Amino acid sequence: MAQVRKCDVVIAGGGPAGAASARRLVSSGFEVIVLDNALPGARRPCSGIVSPQAQTRIAGALGDKAEEIYLESYSALTFHFPASGHSFSAGFESGPARRADRALLTGRLLEARLHESSGAEVHAPMEVLSIAEDGERVQVLARGPDGDVAYQCRWLVGADGADSSVRSLIYPGLEQFPVFRALRTVHRVIDNSLDPSQIHFWPDPSHGLLAWAHAWDDRLALGILRAEGEGISELHDRFIDLLEQDHGVRLAPPDESADGRVFLGPAITNRYMPGKGKVLLTGEAAGFINPSIEGISIALSTGAIAGEAVARAHNVGVEPLKLYRELLAKEARACTDKWNPTRLLFSSPHEADLRVGFKTLSQDEQHAVGGDLMRHMKTLKPYGWTLRVLWLGLIRFLTGRYPSGGWL
Ligand SMILES: Cc1cc2nc3c(=O)[nH]c(=O)nc-3n(C[C@H](O)[C@H](O)[C@H](O)COP(=O)(O)OP(=O)(O)OC[C@H]3O[C@@H](n4cnc5c(N)ncnc54)[C@H](O)[C@@H]3O)c2cc1C
């Protein structure tokens, strides 16, 4: 027989979205338990680089303590196009991006002591197994090293990332999105001519959907994003060869390596999953992911909004999900904008202004890079997203918003 624990809100997942949600709820006096299937500080594939907007959110949450979590700074993103041999850089509009210690970031958010409250309780490792809702309360069954625990709560927030179990449990026959995986390795550098003050990207079809690198001290981190099933070691070797040939980079074998799933399709196609009944989904579990070092930013903001919706709805006696959907609309628009080719061409949806960087190229170079980008876009064709993206771009252009009819 499982032990029983009661609380106001259970949050499945103690990543940036879950931690931001917990912090918001704790600050309003809710009793919150966070369940995470990994121990705090477990190694993650994420590089932990936080954009200027995310830094503002973190400073708002942690005040003076925010500075403790940061490591290096990066002033710009540089995009390399090996086929045509061109590159351009885009600076961040409001200060540098900074690499944070991710475990410290989420730990500090979870322990934030505000008013008389004492932070969220974290139960880890604790894996969510099942969910049942009776109209009044949600029952969450979770398994840890000491056995099963049945949690009874008024609301459940699913912040359990790309592979969300909560999402699978509440949307059993959910339309399947293709799976992408990211591999991150960290190497000691023998030689490196890449500018260490910048984050480098290679949007090139020979290296998966995206390859990237960033340096600190005597280390270089490499990342590759590719469709599930693509030979990862072959792509990784090819990326290392490219770095050596084009940038004189020589690296020792990796001393760190982590691999994880990325839930890309919903953000690209504006199909978000805010939840059902008394269960709210947030962060990557709900489909929110931003490219170019802004994933943590949207996880923090959507997580805090989930907490806000529960707190506000409780005060006025309505169900949080309706309010949550309303509050999310702005974030969803900003997130889809970052993938929308018409916004990329005619606006500046990213925190680093890519158009300014692109315009530093000569006209011939712009044509060559444009051709490279078109070839790269074709890597998304097998997923059937092209027509939907074009249609969404047109609606956004004509009405200023995206239809929310595709949301679950
Ligand atoms: C290789 C790589 C590099 C990246 N680099 C950056 C970067 O530098 N900057 C940036 O902004 N973004 C980056 N991202 C994206 C960023 O990591 C994600 O967008 C962000 O972490 C999403 O936050 P989240 O809280 O929604 O989910 P997650 O961070 O994935 O957190 C989910 C949590 O839920 C837990 N969990 C999962 N399943 C269960 C379960 N069944 N029961 C209980 N707990 C569970 C997990 O252990 C985890 O702690 C990167 C992603 C990858 C893959």
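Plus 142 on top of the position in the sequence shown (first one is 1) and you've got this note's numbering.
The beta carbon of each residue, even a glycine, is placed where N, CA and C say it ideally should be.
Owing to the predicted nature of the structure, the values given are computational and were not obtained by experimental measurement.
Annotation: the segment 433-471 contains the following complete segments of the alpha helix (DSSP H) (minimum length 4 residues), in chain order: 437-458.
Uninterrupted beta strand (DSSP E) stretches at least 3 residues long and entirely within the segment 179-240 occur at 212-216, 218-223, 228-233, given in chain order. DSSP, reduced to helix, strand and coil, places Val531 within a helical segment of the structure shown. If you draw a 10 Å sphere on the C-beta of Leu251, you find 16 or more other C-beta atoms in it, and that means buried.
Within the same chain, Ile191, Val192, Gln197, Tyr212, Leu213, Glu214, Ser215, Tyr216 come within 8 Å of Arg240 by CB-CB distance, once the 5 residues on both sides are set aside. Annotation for Gln340: the continuous beta strand (DSSP E) segment containing it runs 340-344.
For the pair Ala218 and Arg530, the Cα-to-Cα distance works out to about 31 Å. When distances are taken from the beta-carbon of Met268 to the heavy atoms of ligand 1, the shortest one is below 7 Å. Selection Ile447, Leu534, Gln281 evaluated against Asn482 yields Leu534 as nearest (Cα-Cα). Across the structure, Gly390 and Ala363 are spaced so that their CA atoms are roughly 16 Å apart.
In the structure shown, the three-state DSSP call for Thr327 is strand. Taking 8 Å as the cut-off, the Cβ atoms of Val291 and Ala180 do not count as close. For Ala394, the CB contacts under 6 Å within the same chain, skipping 5 residues up- and downstream, are His329, Arg330 in chain order.
Contact between the segment 364-380 and the segment 301-314 is absent, with fewer than three C-beta pairs closer than 8 Å. By the neighbour-count definition (other C-beta atoms within 10 Å, threshold 16), Asp514 is a buried residue.
For Lys418, DSSP records a beta bridge to Val421. Counting C-beta pairs closer than 8 Å gives fewer than three between the segment 402-411 and the segment 336-347, which falls short of the contact rule.
In this structure, DSSP gives Ile382 a helical state, which the three-state scheme calls helix. Nearest C-alpha to Gly233 among Ala455, Lys472, Gly449, Ser434: Ser434. Between Cys188 and the set Gln281, Lys418, Gly365, Gly429, the nearest pair of CA atoms involves Gly365.
Annotation for Arg413: no beta strand (DSSP E) segment contains it, and DSSP assigns it neither H nor E.
With fewer than 16 other Cβ atoms from the protein chains shown falling within 10 Å of its own Cβ, Pro545 counts as exposed.
Distances between the C-beta of Ser307 and the heavy atoms of ligand 1 include at least one below 7 Å. The beta carbon of Cys188 sits closer than 7 Å to at least one heavy atom of ligand 1. Bridge partners of Val511 according to DSSP: none are assigned. Residue Lys418 holds the alpha-carbon nearest to the alpha-carbon of Trp549 among Leu487, Lys418, Leu532, Glu210.
When C-alpha distances from Gly183 are compared across Glu209, Asp150, Arg244, the shortest belongs to Arg244. Distances from the CA of Pro491 to each of Val458, Val421, Lys472, Asp359 were compared; the closest alpha carbon is that of Lys472. In this structure, the beta-carbon distance from Pro345 to Tyr525 does not fall below 8 Å. The criterion of a C-beta distance shorter than 8 Å is not satisfied by Val270 and Ala427. Annotation for Thr478: Asn412, Tyr544 place their beta carbon closer than 6 Å to its own, counting only its chain and skipping 5 residues before and after. Across the set Asp359, Glu263, Tyr414, the C-alpha of Tyr414 shows the shortest separation from the C-alpha of Gln318. At least 8 Å separates the beta-carbon of Glu398 from that of Arg392. In this structure, Thr521 sits away from Leu247, with a CB-CB distance that is not shorter than 8 Å. The continuous alpha helix (DSSP H) containing Lys501 extends over residues 496-501.
Only exposed fits Lys148, as fewer than 16 other CB atoms lie within 10 angstroms of its CB.
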